[in-house]
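Numbering (full-length UniProt numbering), first residue to last: 1 to 413.
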């Protein structure tokens with residue numbers, strides 16, 4: 001009997017070979033450097049017979065714990081799923097992943113896709129069934145090595161915190177540069193002063209942003225104007241008054257990268273640590289307004305530059321939420337503005353439990369004018385300053401209005 005070996009067509013084709021490189025910092029040694037790894041695998045693939053180069057996928061400055069945080073790795077996986085790769089070369093398991101569960105999951109997926117992963121340092125191929133146990137053990141070892149490095153870094157940071165030492169690292173603070181661990185105001189310091197002064201004067205973040213645009217302000221690093229969404233971070237940062245808080249929150253978990261509140265931590269507040277950009281009086285004014293805004297938000301009040309003066313003054317007797325401007329309505333050819341309970345403006349209809357009535361703005365202001373003893377003419381001529389100065393709150397009842405004065409209460413039916 002004669003036996004003839006049948007050669008599959010894919011065995012005759014050149015293997016499509018890719019490589020994956022990763023360095024977590026810019027301080028890796030020469031052997032592990034980003035450029036060295038890329039150059040090594042490019043030359044190896046190009047000069048190996050039967051290999052067709054695909055791409056050298058790379059992640060520079062990324063941790064190996066979470067794969068989805070590494071764009072180069074995820075692009076490689078997408079190409080493997082698209083049947084573009086036959087072999088992936090990696091220097092070591094720790095370069096591939098430092099999370100044992102993820103390393104095993106992705107290697108298993110690649111194996112099911114028919115993609116072989118070769119780990120050079122360990123001398124292991126994902127297609128070698130006898131090496132599967134060794135791979136699992138080495139993957140766990142890589143994760144524990146990463147955990148050890150992480151714990152050592154955390155210990156070092158804690159010791160520095162106890163000594164009042166903190167480096168910005170890759171973080172940047174608007175208005176400051178770091179020189180020998182000391183914060184020094186830079187050319188953007190005036191932008192910070194404008195933000196604090198405008199906010200203390202009563203401007204809203206979007207108005208401050210427009211003011212900065214008019215002044216031609218731009219961060220010297222990002223070349224962008226600070227957005228209104230970041231204003232609160234600036235305004236609440238104690239660093240601008242010359243103080244510094246070290247270890248503001250718990251350390252992050254190695255795997256999830258989320259704050260680990262189960263682990264204790266100690267915060268250190270350094271007073272007069274460096275040269276301030278704003279004085280303490282201005283900082284306290286801003287701090288007081290931020291606290292007032294927080295208190296209003298807990299009550300469901302979210303003011304902005306377009307808010308009506310009645311917003312935050314008129315409340316519902318049923319649910320306690322503030323009244324807001326509703327849709328206008330026409331009556332006998334005249335358009336009228338209405339106030340309605342915020343509960344009735346909720347997007348989720350199931351949460352619209354309030355049944356209190358809406359009220360016409362002109363009728364409400366007329367009633368308030370009578371309460372305050374003010375002449376009533378038109379809505380546009382109403383003395384809003386007198387109202388805000390004298391009235392604590394207005395409570396809309398289903399059948400009447402309660403006006404709570406700052407010194408006494410008057411009920412109107």
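Glycine included, every Cβ here is placed at the ideal spot set by N, Cα and C.
So the beta strand (DSSP E) residue i belongs to, where does it begin and stop?
i	result
residue 101	That residue, residue 101, is in no beta strand (DSSP E); its alpha helix (DSSP H) goes 100 to 112.
residue 400	400 to 405
residue 323	323 to 325
residue 382	Element bounds for residue 382: n/a, residue is neither H nor E.
residue 339	338 to 341
Sorted by chain position, which residues of the same chain lie with C-beta nearer than 8 Å to residue i's C-beta, five sequence neighbours on each side aside?
i	result
residue 366	376
residue 357	396, 398
residue 86	15, 16, 17, 114, 115, 116
residue 41	19, 21, 56, 89
residue 392	404, 405, 406
residue 388	309, 313
Please state the DSSP three-state secondary structure of residue i.
i	result
residue 390	helix
residue 306	coil
residue 316	strand
residue 115	coil
residue 15	strand
residue 354	coil
residue 42	helix
residue 84	coil
residue 411	Model confidence at residue 411 stands at a pLDDT of 46, short of 50, so the residue's coordinates are unreliable and nothing is read from them.
residue 70	coil
residue 360	strand
residue 374	coil
residue 396	strand
residue 334	strand
residue 369	helix
Excluding the 5 residues flanking residue i on each side, which residues of the same chain have their C-beta closer than 6 Å to its C-beta?
i	result
residue 301	312, 322
residue 196	278, 282, 286
residue 228	205, 206, 209
For the alpha helix (DSSP H) holding residue i, just list the boundary residues, first then last.
i	result
residue 60	Taken as a continuous stretch (DSSP letters only), residue 60 belongs to no alpha helix (DSSP H), being part of the beta strand (DSSP E) at 51 to 60.
residue 121	First-last for residue 121: undefined, no H or E at that position.
residue 94	93 to 96
Take residue i and list the residues in its own chain whose beta-carbon comes closer than 7 Å to its own, dropping the five residues that flank it on each side.
i	result
residue 172	221
residue 213	225
Distance cutoff 8 Å, beta carbons only. Does residue i sit that close to anything in chain B?
i	result
residue 16	Absent here is chain B; the protein component of the structure consists of one chain.
Q. Would you call the segment 279 to 292 and the segment 302 to 319 touching, i.e. three or more CB-CB distances under 8 Å?
A. no
Q: Kindly provide the ranges of any alpha helix (DSSP H) runs that are 4 or more residues long and lie completely inside the UniProt domain "Recombinase" (173 to 299), ordered along the chain.
A: 189 to 200, 205 to 215, 231 to 235, 280 to 298
Q) Would you call the segment 74 to 83 and the segment 39 to 50 touching, i.e. three or more CB-CB distances under 8 Å? A) no
(Q) Counting beta carbon pairs with one atom in the segment 198 to 210 and one in the segment 172 to 187, are three or more of them shorter than 8 Å? (A) no
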